[in-house]
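> If you number the sequence shown the way full-length UniProt numbering does, the last residue is 116 and the count never jumps. Think of the CB as a built atom: it goes at the ideal place given N, C-alpha and C, for glycine as much as any other residue. Below: one structure in structure tokens.
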Amino acid sequence: MANWKCVKQCGACCHLDPAERPDLEEYLSPAELEQYLSMVGEGGWCINFDHTSRECRIYANRPRFCRVELQTFQEMYGIEPEELNEFAIDCCRQQIEAVYGDRSLEILRFDKAVGL
Numbered sequence: 001m002a003n004w005k006c007v008k009q010c011g012a013c014c015h016l017d018p019a020e021r022p023d024l025e026e027y028l029s030p031a032e033l034e035q036y037l038s039m040v041g042e043g044g045w046c047i048n049f050d051h052t053s054r055e056c057r058i059y060a061n062r063p064r065f066c067r068v069e070l071q072t073f074q075e076m077y078g079i080e081p082e083e084l085n086e087f088a089i090d091c092c093r094q095q096i097e098a099v100y101g102d103r104s105l106e107i108l109r110f111d112k113a114v115g116l
């Protein structure tokens, strides 16, 4: 069985382009939406994403919407505990494929890390 985990130095989730996420208002509070939009930088990338190291500069203090945690996913998407693993894997795969491609090193690394 596959188990979700974050793959370091991927950063696909740091591509925040609002044009690719038209439903932001459905799951972010007005304050979170404002914060989200303030984090969008050049090319749709988060201003806190270090392109050289491919890591988040504020990882320990990142906003709630940047975290894959049960409570966050329950509140934002209505995900039940037994659905979290599969939902998180699907979300990550979609984002990685959209940013890097379905045959990218990032998707291969992710699939291997989660056991697909």
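1) Quick check: what's the CA-CA separation for residue 12 versus residue 24?
2) Cβ-heavy atom distance between residue 47 and the ligand SAM below 7 Å?
3) Going by beta-carbon coordinates alone, are residue 7 and residue 98 separated by less than 8 Å?
4) With a Cβ-Cβ cutoff of 8 Å, do residue 46 and residue 16 count as a contact?
5) Just how far apart, CA to CA, sit residue 43 and residue 115?
6) Determine, for residue 92, whether the minimum Cβ-Cβ distance to residues of chain C falls below 8 Å.
7) Measure the C-alpha to C-alpha separation of residue 59 and residue 19 and round it to an integer number of angstroms.
8) DSSP on residue 55, reduced to helix/strand/coil?
9) DSSP on residue 68, reduced to helix/strand/coil?
10) Which one or two residues does DSSP pair with residue 45 in a beta bridge?
The short version:
1) Position 12 of the sequence shown, counting from 1, holds the residue named residue 12. Position 24 of the sequence shown, counting from 1, holds the residue named residue 24. The straight-line gap from Cα to Cα measures roughly 17 Å.
2) Looking at this structure, you won't find the ligand SAM or any other ligand, since it has none at all.
3) As a working mapping, residue 7 is identified with position 7 in the sequence shown. As a working mapping, residue 98 is identified with position 98 in the sequence shown. No.
4) Within the sequence shown, the letter at position 46 stands for residue 46. Within the sequence shown, the letter at position 16 stands for residue 16. It is a contact, given that the beta carbons lie within the stated cut-off.
5) Your numbering for residue 43 matches position 43 in the sequence shown. Your numbering for residue 115 matches position 115 in the sequence shown. Going from the Cα of residue 43 to the Cα of residue 115 covers about 31 Å.
6) Chain labels in this structure do not include chain C; a single protein chain is all it has.
7) The residue given as residue 59 occupies position 59 in the sequence shown. The residue given as residue 19 occupies position 19 in the sequence shown. For residue 59 and residue 19, the distance between alpha carbons rounds to 24 Å.
8) For the purposes of this step, residue 55 is identified with residue 55 of the sequence shown, where counting begins at 1. Secondary structure of residue 55 (DSSP, three-state): strand.
9) Here residue 68 refers to the residue found at position 68 of the sequence shown. Coil at residue 68, not helix or strand.
10) Your numbering for residue 45 matches position 45 in the sequence shown. Residue 45 is bridged to 15.
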